[in-house]
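Peer 1: What follows is a structure written as structure tokens; I'll ask about it next.
Numbering (the numbering used here), first residue to last: 821 to 892.
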């Protein structure tokens with residue numbers, strides 16, 4: 821079992837995974853796989869951030885309450 825674990829550690833390291841990702845990224849046989857590799861590369865490098873848009877009524881209400889200058 822120790823021998824198998826040693827083989828796995830040699831084969832499954834960051835450098836090897838990066839090399840495999842680069843292979844998938846540069847191949848042209850399966851464009852779906854290529855797109856997945858591009859997405860993974862961007863996620864790992866944090867090149868693209870997801871934007872979330874929504875209503876912020878609670879935040880707006882709190883801001884308005886804190887900045888309201890009307891006398892009490």
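The beta carbon of each residue, even a glycine, is placed where N, CA and C say it ideally should be.
(1) Taking all protein chains shown into account, decide if residue 885 is buried (16 or more other Cβ within 10 angstroms of its Cβ) or exposed.
(2) Can you tell me whether residue 824 is helix, strand or coil according to DSSP?
(3) Measuring only the C-alpha atoms, how far is residue 843 from residue 852?
(4) So, is residue 863 buried or exposed, given that buried needs 16 or more other C-beta atoms within 10 angstroms?
(5) Taking the runs of the alpha helix (DSSP H) that are 4 residues or longer, which of them lie wholly in the stretch 833–868?
Peer 2: Working from what's here:
(1) Counted from its first residue, the chain shown places residue 885 at position 65. Under this definition residue 885 is an exposed residue.
(2) As a working mapping, residue 824 is identified with position 4 in the chain shown. Residue state, collapsed to three classes: helix.
(3) Taking the first residue of the chain shown as position 1, residue 843 is located at position 23. Taking the first residue of the chain shown as position 1, residue 852 is located at position 32. So the two alpha carbons sit approximately 14 Å from each other.
(4) Within the chain shown, the letter at position 43 stands for residue 863. By the neighbour-count definition (other C-beta atoms within 10 Å, threshold 16), residue 863 is an exposed residue.
(5) Runs found: 834–846, 851–865.
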